[in-house]
Every structure is written in structure tokens, then in C-alpha cells.
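**Q**
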Amino acid sequence: MPIPIPANVKLKTKRSRAGLGLFAVEPIKRSSYVIEYVGTVVRGHAVDELANKYLFETSRFRMIDGSARSNIARYINHSCKPNCEAEIVAGRVFLRALRRIEAGEELSYDYGKEYFDMYIKPYGCRCAACAK
Ligand SMILES: [Zn+2]
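As C-alpha cells, then:
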């Protein structure tokens, strides 16, 4: 599969119910790639020594440390009813729109059970779906 090229859509960070979030400034087409989750590749035992909330597991012993502020995708919050999904292609992580996203909507994806249980569940999920 070729490496996706994210659509060049305007996004901005803004305060949301769960801290800072990433928002669409213009509409995003369904199924289009929105942004790449970028960072330093961390392998093997180094993974155990690093503990931050921005580690994205791309395989059992390989992760992307997306903690740098230049990784705009790190501002995308978790949702139990997300409008994006993370897709791993050739060890890289891309966020893809699950449906059309309107201007002004906050981007979200499901962080997965492991992350949810560790970082979200203890404090209560603050996503829009759970707030209802
Ligand atoms: Zn939720």
C-alpha cells in the first residue's frame, strides 16, 4: 500500500471539554487522510523506559513518541464515538476521517482499550458521547 498523503486541510488547536483539542477549520471529506501522527521511533527495551501519554504503538516492540509539540496530531482527543481512525501504514500512523467532518468540528479517534483503561477510565471519559 502506498504511503498516504494527508489532505492539506486547515486545522487548529482550541480548548475543548478534554483540554486542548484539534479542530477542523474547513470541511474534511469522508475517508480522506487528515494528518500524520509524527514523532521519534522508539524500539525494543527503550519502550519500557519511556512512559508518556503520547506513545503510539505501531507494533509489539515499536512505538512512535509523539510528545513533541510540533506533532499537531497529539492534540486530537479520544472519543468513544470518533470521527477519525488511526491507520498504520509501513510503520507510520495516519488519522483518517471515518465520515465527512464539518468546519468547526473537533477531531477525535478511539485511543484503544489499553490506553483507555490506563489513562481515561480512572478519571472518567470526557468525550462528547460519554457526556450525554
Ligand atoms: Zn467516552
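Residue numbers for the sequence shown follow the working numbering, so the first one is 31 and each next one is one higher. For each residue, glycine too, the CB sits at the ideal point set by N, CA and C. It should be emphasised that the depicted structure is a prediction, and the values quoted were computed from it without experimental measurement.
Using the Cα positions of Val123 and Lys162, report the straight-line distance between them to the nearest angstrom.
**A** Distance between the alpha carbons of Val123 and Lys162: 30 angstroms.
**Q** So, do the region 48-62 and the region 81-93 have three or more beta carbon pairs nearer to each other than 8 angstroms?
**A** Segments in contact, no.
**Q** Would you grab the beta carbon distance between Arg47 and Val71 for me? Rounded to a whole angstrom, and I think it's under 8 angstroms.
**A** Not a contact, Cβ separation roughly 32 angstroms.
**Q** Can we count Cys157 as close to ligand 1, meaning its CB is less than 6 angstroms from some heavy atom?
**A** Yes, ligand 1 has a heavy atom inside 6 angstroms of this Cβ.
**Q** Does the beta-carbon distance from Gly96 to Tyr63 come in below 7 angstroms?
**A** No. Outside cutoff.
**Q** Kindly confirm or deny that the region 151-161 and the region 103-122 touch, where touching means at least three C-beta pairs closer than 8 angstroms.
**A** Yes, the region 151-161 touches the region 103-122.
**Q** Return yes when the Cβ of Arg129 is within less than 7 angstroms of the Cβ of Arg19, no when it is not.
**A** Lying outside 31 to 162, the shown extent of the chain, residue 19 is not represented and no answer is given.
**Q** In whole angstroms, what is the alpha-carbon distance linking Ile94 and Glu117?
**A** One C-alpha to the other measures close to 13 angstroms.
**Q** Using alpha carbons as the reference points, say which of Gly51, Asp147 and Arg90 lies closest to Gly74.
**A** Closest option to Gly74, Cα to Cα, is Arg90.
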